[in-house]
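Beneath this line is the structure, given in structure tokens, with notes to follow.
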Amino acid sequence: QQQVKQSPQSLIVQKGGISIINCAYENTAFDYFPWYQQFPGKGPALLIAIRPDVSEKKEGRFTISFNKSAKQFSLHIMDSQPGDSATYFCAASKSGGYNKLIFGAGTRLAVHP
Amino acid sequence: GAGVSQSPSNKVTEKGKDVELRCDPISGHTALYWYRQSLGQGLEFLIYFQGNSAPDKSGLPSDRFSAERTGGSVSTLTIQRTQQEDSAVYLCASSPLPSTDTQYFGPGTRLTVL
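Quick note, the sequences are listed as chains A and B, same order. Read left to right, the first sequence gives residues -16 to 96 (my numbering). Read left to right, the second sequence gives residues 8 to 121 (my numbering).
Spelled out as structure tokens, the structure:
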């Protein structure tokens, strides 16, 4: 019930291509779904997040698509750049009190020039 | 302003020794979280602090793990009698309020138990 499953484990994309990372959750009480970006030697940093009242959220080249009935959400990186090469984590949490994030296993993205 | 800082950045210890990991959250942030990131895995929640109290310790893997927070600021995670499976990166995050969505992470402490 607490798991968040993320795929793929690693991804190689050519510069200018679209990177797509998928996550699935089980707990229907989750109502906050962020994506974090982590560069080597750094802590994760919030990239973009969505709540279930919308099916899509876009910020620049980054878009979250959310499918409540399927309990899935995905991150799309348009026009991928070498600087986007990092590890991406999806996460989920439920409202009420504090924000205990349940993370996916992460996707290591490499964008080749 | 200054972000979340953690020390040491790297710690190598021998099996059976005790270690202390320190987290300095962003000034004024009342909520503090510890996570563990094992090789090839996602972040695993360990403990949550609201001020100096820890209402959620559910993620601590065993009684060898403990944490405290003093003055509503600095937090220390202590691992007693370390085991090789404790090797991981330990991350601390803070947020202005418990209900705040965004958590600000420190760079982590890489712990290696030989």
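Quick reminder that beta carbons are idealized off the backbone N, C-alpha and C, glycines included.
Given residue i as reference, the closest of the options once Cα atoms are compared
i, options, result
"A:Asp20", "A:Glu9, A:Asp62 and A:Ala32", "A small fix is needed here, since residue 20 of chain A is Gln in this sequence, not Asp. Residue A:Ala32 is the option with its Cα nearest to A:Gln20."
"A:Gln55", "A:Cys6, A:Gly87 and A:Lys41", "A:Cys6"
"A:Trp18", "A:Lys41, A:Ser52 and A:Asp62", "A:Lys41"
"A:Asp67", "A:Asn50, A:Phe16 and A:Ala28", "A:Ala28"
"B:Ser69", "B:Phe56, B:Arg88, B:Arg76 and B:Thr77", "B:Arg88"
"B:Arg76", "B:Ala61, B:Ser94 and B:Gly66", "B:Ala61"
"B:Pro15", "B:Tyr55, B:Leu104, B:Pro103 and B:Leu98", "B:Leu98"
"B:Asp25", "B:Tyr111, B:Phe72, B:Ser106 and B:Pro105", "B:Phe72"
Buried or exposed (CB count within 10 angstroms, at least 16 for buried), residue i
i, result
"B:Leu50", "buried"
"B:Ala9", "exposed"
"B:Pro109", "Residue identity check: residue 109 of chain B is Thr in the sequence provided, not Pro. Result: exposed."
"B:Gly47", "exposed"
Nonlocal neighbours in the same chain, by C-beta distance under 6 Å from residue i, ignoring five residues either side
i, result
"A:Lys(-12)", "Ala7"
"A:Thr46", "His59"
"B:Asn17", "Arg117"
"B:Pro32", "Val11, Leu39 and Ser101"
Close-in-space but distant-in-sequence residues of the same chain around residue i (CB under 8 Å, 5 per side omitted)
i, result
"A:Thr11", "Lys54"
"B:Gly79", "Thr37, Gly58 and Asn59"
"B:Gln91", "Lys22, Val120 and Leu121"
Sub-8 Å separation of residue i and residue j beta-carbons
i, j, result
"A:Ser57", "A:Ile4", "yes"
"B:Glu21", "B:Thr83", "no"
"B:Phe52", "A:Lys(-2)", "no"
"B:Ala100", "B:Thr85", "no"
"A:Leu30", "A:Leu92", "no"
"B:Pro114", "A:Gly26", "yes"
"B:Val81", "B:Cys30", "yes"
"A:Ser169", "A:Ser48", "Because chain A in this structure spans residues -16 to 96, residue 169 of chain A falls outside the shown range and cannot be described."
"A:Pro35", "A:Lys51", "yes"
Three-state secondary structure (DSSP) of residue i
i, result
"A:Glu42", "strand"
"B:Asp25", "coil"
"B:Asp108", "coil"
"A:Pro17", "strand"
"B:Glu75", "strand"
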